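A.B. asks: Could you have a look at this structure, given as structure tokens, before my questions?
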Amino acid sequence: MGVGIEVVNLNAWYAANHTLQDINLNIPANHATALIGPSGCGKSTFVRCLNRMHETNPIARVTGTVRIGDLDIYKDAKPVEIRRRVGMVFQRPNPFPTMSIYDNVAAGLKLNGYRNRRLLDEIVEQSLKDSALWDEVKDDLKKKSGASLSGGQQQRLCIARALAVDPEVLLMDEPASALDPVSTSKIEDLIFELKSQYTIVIVTHNMQQAARVAEKTGFFLNGRMVEFDSTHKIFTNPSDKRTEDYITGRFG
Amino acid sequence: MRTATDGLATGLAVLSTVLVVAPLVAIFVYLIYKGASSLSLAFFTQVPKPEGETGGGMANAIVGSAVLLGLASLIGVPIGISGGIFLAEFGRGTKLANAVRFTADVLNGVPSIVMGIAVYSLIVYQQKHFSAFSGGVALGIMMIPTVTRTTEEMLLMVPHAVREAALALGVPNWRSVLSITVKTASPGIITGCMLAFARVAGETAPLIFTALGNSNWSVNLNEPIAALPLQIYTYAISPYDDLHRLAWAGALVLIVLIVAAVSLVRYVTSRGVLKGAS
Amino acid sequence: MPEISNSQAPVQPEPSPPDGQQPAGAAAAEGSAIRQFLLLRGNSAIADRGFHWLMVLCALSIFGIVALIATELVVRSHLAWSQFGLGFFFKAFIDPYSKLPMYWDPVNGHFSALPFVYGTLVSSFLALLLAVPLAIGLAVFLTEMCPRMLRAPLAFVTELLAAIPSVIYGLWAVFVLVPLLREHVNPWLIKLLGWTGLFNDDNPTGLGFVSAGVILAIMILPIISSLTREVMNAVPGSQREAVLALGATRWEMIRMGVLRNARIGIVGAVILGLGRALGETMAVTMVIGNTPQIQRSLLASGSSMASVIANEYAEASGDLHLSALTEIGLALFIVTIIVNALARLLVWAVTRGAPAQVH
Chain S
224 MGVGIEVVNL NAWYAANHTL QDINLNIPAN HATALIGPSG CGKSTFVRCL NRMHETNPIA
284 RVTGTVRIGD LDIYKDAKPV EIRRRVGMVF QRPNPFPTMS IYDNVAAGLK LNGYRNRRLL
344 DEIVEQSLKD SALWDEVKDD LKKKSGASLS GGQQQRLCIA RALAVDPEVL LMDEPASALD
404 PVSTSKIEDL IFELKSQYTI VIVTHNMQQA ARVAEKTGFF LNGRMVEFDS THKIFTNPSD
464 KRTEDYITGR FG
Chain L
181 MRTATDGLAT GLAVLSTVLV VAPLVAIFVY LIYKGASSLS LAFFTQVPKP EGETGGGMAN
241 AIVGSAVLLG LASLIGVPIG ISGGIFLAEF GRGTKLANAV RFTADVLNGV PSIVMGIAVY
301 SLIVYQQKHF SAFSGGVALG IMMIPTVTRT TEEMLLMVPH AVREAALALG VPNWRSVLSI
361 TVKTASPGII TGCMLAFARV AGETAPLIFT ALGNSNWSVN LNEPIAALPL QIYTYAISPY
421 DDLHRLAWAG ALVLIVLIVA AVSLVRYVTS RGVLKGAS
Chain A
-5 MPEISNSQAP VQPEPSPPDG QQPAGAAAAE GSAIRQFLLL RGNSAIADRG FHWLMVLCAL
55 SIFGIVALIA TELVVRSHLA WSQFGLGFFF KAFIDPYSKL PMYWDPVNGH FSALPFVYGT
115 LVSSFLALLL AVPLAIGLAV FLTEMCPRML RAPLAFVTEL LAAIPSVIYG LWAVFVLVPL
175 LREHVNPWLI KLLGWTGLFN DDNPTGLGFV SAGVILAIMI LPIISSLTRE VMNAVPGSQR
235 EAVLALGATR WEMIRMGVLR NARIGIVGAV ILGLGRALGE TMAVTMVIGN TPQIQRSLLA
295 SGSSMASVIA NEYAEASGDL HLSALTEIGL ALFIVTIIVN ALARLLVWAV TRGAPAQVH
């Protein structure tokens, strides 16, 4: 089961560049929330602040509060602990190139010291089923490397890898932007399936995608969150002029 | 006039290429011709005969080189790889990393005989005797800068996305570095180590007054030990034809090892096995 | 490890062994066992920090090595330094009876490094004289003219040349190069250039500065050539096009568009080659003749700084002899450090920021 996310006064910088300014929002549990906006608006930086990946860059800095469930992630825990509870799928599929499909999915557990082989087998199978990849790869789980799959399959493998550690939240940073339309629609179907079990935050530059998969949508512009509301409202009757300009294609 | 100059320049460039390739070809042809005709089973199984007698082999030198190189790798490989990990994973862009990188490059250019003096002074002079141990230390120290730099280069070829993937799973950093980044780059790192290994395998100067050489069997780290390049040197400047033949055979063995390592490195780096998924 | 409360997820006390067939809800229950496991894994902060510092320590060992070499050499050469001072490298002793200069006499305790400095300089500059034009020619050929097909094999060949051990070059030089020079090249040099006094017919062995210079040239060619290639590749293609657009021939394009822009880096490459030549030991020791003398003739035998160390260190007759040899080593160390640092800086100045272009 997923948990909600509460963000209070979040600010982020890259060196002197103030990339996120005073972000406040509540992301509901077990729903998909989409973040849209022109490129460079800070939406990717925002999701990277939710699992403390932002700070892996030495020039990056964050202030503010992020609560995942009732855990204040910048106060009460270390990054590794957060990241085990908040899975992430990146823009470009990034399976571990030297590992088999099986090891890719099991990586999060194995590298954290999980040793129970029988349970691992089950978890790998379940995760691959949950990411709709099982039928395509079940025959060469340990034979093929993760890098030998097609782009769309690789991305679903990365989703399986993130699911295997059973996170509470799943962050997706433009997960379909590097994929063809067929793979994209598979990923969207998957998001639809998964959101009953996980809290999903998806960054996208594709407004139709946001409209298709998400209950809530936030619009980012120049490092600020302009509007956050139900997807339906954002796309039909936005309160802010800038949101309207963006969704009607007047800029961006 | 201008086209004539152009033609002349082209001709000179081609000529210099020929002049560069010619000695290499000459060295290889001669090595294979002389070395192959001198190689025999005895070369690999027997120790040198007393001076003046014919026959004998370099078994002790081959084993001696193996001992020295084993010891050198034990010192040079772990320290070198760790240094490379620092440069690529922790120090990227820092002043310390730049200083380390620069010093490693400069250290690579320090003559190996100077390394020999330093180790002589540090170990042989204190212990009052030559030893295999001191020779291994000298070679090991020489491996460190090369291994450090190649490891760094190989690690930098690992896509950043792979590191991010591991960190985003909540894998501790040390685990992510060792099990993901280093493992992904391992073909390159291994061949880099082999390259450093091959380089020191041919080193003679730092061994002359550390390992010293030995015409008998010895694998004792506390005693002088024979080494292939040392033996080649001694035999090459000796007056006996028979020893010259052994020197050629030894040189062939050494060069085969080195060419294999260099080719492997080139294969691994050109094939781009490290490029990975993205 | 901080306790992390996790109220939303149903927590199970034990990882439940699920039976083969799982109902849909079991995945969630099973998942919480995994969450439970991961919660107990700790944050590895100590392991991470330890790992980090271990890597730093190993990287710092590079400085340690330099410091180690420096201190050992300084300590061990102190005796000779205090005895002879800086004059060690410049002054000769004048024999009181024959009035001839004496340089290196371990038996009587006279030590002057002058003939070795001379030998090192002469052989290294001979090597540069031969190697630099060839290396630049090769680099020009490889980057600007070579058919694509030949480029990789030729680059590989130069790489191989760089990997051959010094002792094998020496072996080849002793049995192939020196006889060749002695029989076919030296007589010709004597006939044509004997009048300069640089080529005297008084050394029948063929071992000497010329032989050392030629083998050194072959040995430093690859490094000069590959670095020259690197800096030439770093010259932006727009420079080439700009010159070509003015109607230049290919050679004019190379000279004005490429070589001119790369010249600082090429100087760096040459200096790096010089650094290699100065410290090269085995091949030189095997062909230079190893006599501590200073002769005008380039065909005469001599000795270099590295070769005298290789020859005498293991059998040095007493502390002063050892100390004098160590001081020569220290000089070699300092000179090669300076030369290499200078060369690297020059090459970096050109290639930095400009990634090598792939043609």
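Residue numbers (my numbering), protein chains in the order written: chain S, 224 to 475; chain L, 181 to 458; chain A, -5 to 353. We treat Cβ as the ideally placed atom computed from N, Cα and C, and that holds for glycine. Source: prediction; values computed, not measured.
(1) Compute the Euclidean distance between the alpha carbons of A:Leu240 and S:Gly263, then round it to the nearest angstrom.
(2) If the criterion is Cβ atoms closer than 8 Å, does the pair S:Ser350 and S:Ala387 meet it?
(3) Measure from the alpha carbon of S:Gln378 to the alpha carbon of each residue in S:Leu364, S:Lys366 and S:Leu356, then state which is nearest.
(4) Run through the DSSP bridge pairs and tell me what S:Ile241 is partnered with.
(5) Should the segment 254 to 261 of chain L be called in touch with the segment 309 to 328 of chain L, which here means at least 3 C-beta pairs below 8 Å?
(6) Name the one or two DSSP bridge partners that A:His104 has.
(7) For a contact meaning CB atoms closer than 9 Å, what does A:Leu32 contact in chain S?
(8) Can you confirm whether A:Arg257, when its beta carbon is compared against all beta carbons of chain L, has any partner nearer than 8 Å?
(9) Please decide whether S:Phe313 counts as near chain L, where near means a Cβ-Cβ distance under 8 Å.
(10) On the CB-based measure, 16 or more other CB atoms within 10 Å of its CB, does L:Arg355 come out buried or exposed?
(11) How would you write the range of the beta strand (DSSP E) that S:Thr440 sits in, first residue to last?
(12) Can you give the beta carbon distance from S:Asn327 to S:Pro318, rounded, assuming they're within the 8 Å contact cut?
(13) Is there a Cβ of chain L sitting closer than 8 Å to that of S:Met448, yes or no?
(14) Quick check: is the beta carbon of A:Asn37 nearer than 8 Å to any beta carbon in chain S?
(15) I'd like to know if the segment 115 to 124 of chain A and the segment 265 to 274 of chain A are in contact, where contact means that at least 3 CB-CB pairs between them fall below 8 Å.
(16) For S:Arg290, report the span of its beta strand (DSSP E) as first-last.
(17) At what residues does the beta strand (DSSP E) containing S:Gly310 begin and finish?
(18) For A:Leu128, return the contacting residues in chain L, with the cut-off set at a CB-CB distance below 9 Å.
(19) Kindly indicate if chain L contains any beta-carbon less than 8 Å away from that of A:Arg338.
(20) Counting contacts by CB-CB distance shorter than 8 Å, is S:Lys439 in contact with chain A?
(21) Helix, strand or coil for L:Ser356 per DSSP?
(22) Cβ atoms of A:Gly262 and A:Ser206: under 8 Å apart, would you say?
(23) Given this structure, state the Cα-to-Cα distance separating A:Ala211 from L:Thr185, to the nearest angstrom.
(24) Confirm, please, whether the CB-CB distance from A:Leu132 to A:Ser291 is below 8 Å.
(25) I want to verify the contact list: residues of chain S whose CB lies under 7 Å from the CB of L:Leu347, in sequence order.
(26) For the segment 401 to 428 of chain S, enumerate the residues whose C-beta is nearer than 7 Å to any C-beta of chain L, in chain order.
(27) What are the start and end residues of the beta strand (DSSP E) that includes S:Arg447?
(28) Residue range of the beta strand (DSSP E) that S:Ala257 falls in?
(29) Can you tell me the Cβ-Cβ gap for A:Arg145 and A:Leu136, rounded? I've got them flagged as a contact below 8 Å.
(30) Looking at L:Ile303: is its Cβ nearer than 8 Å to the Cβ of L:Gly263?
(31) Measuring straight from C-alpha to C-alpha, what distance separates S:Ser462 and S:Lys301?
(32) For my contact list, A:Phe87 and A:His104 are in at a C-beta cut-off of 8 Å; report their separation, rounded to the angstrom.
(33) Which residues does DSSP pair with L:Leu392 in a beta bridge?
(34) Out of curiosity, what's the CA-to-CA distance linking S:Ala238 and A:Met299?
(35) So the alpha helix (DSSP H) A:Leu94 belongs to, where does it begin and stop?
(36) Please report how far the alpha carbon of S:Asn460 lies from the alpha carbon of S:Asp452, in whole angstroms.
C.D. replies: Let's see:
(1) 42 Å
(2) yes
(3) S:Leu356
(4) In the sequence as displayed, the identity of residue 241 of chain S is His instead of Ile. Note: S:His241 sits in a beta bridge opposite S:Trp236.
(5) yes
(6) A:Asp99
(7) Glu304, Arg307, Arg308, Gly331, Leu332, Asn335, Tyr337, Val388 and Asp389
(8) no
(9) yes
(10) buried
(11) Lys439 to Leu444
(12) 5 Å
(13) no
(14) yes
(15) yes
(16) Ala283 to Ile291
(17) Val309 to Val312
(18) Leu195, Ser196, Thr197, Leu199 and Val200
(19) yes
(20) no
(21) helix
(22) The question names Ser, but residue 206 of chain A in the sequence shown is Ala. No, the pair does not count as a contact, with Cβ atoms beyond the cut-off.
(23) 27 Å
(24) no
(25) Met276, Thr279 and Arg306
(26) none
(27) Arg447 to Ser453
(28) Ala255 to Ile259
(29) 6 Å
(30) no
(31) 38 Å
(32) 5 Å
(33) L:Ile405
(34) 52 Å
(35) From DSSP, A:Leu94 is part of no alpha helix (DSSP H); its letter is neither H nor E.
(36) 10 Å
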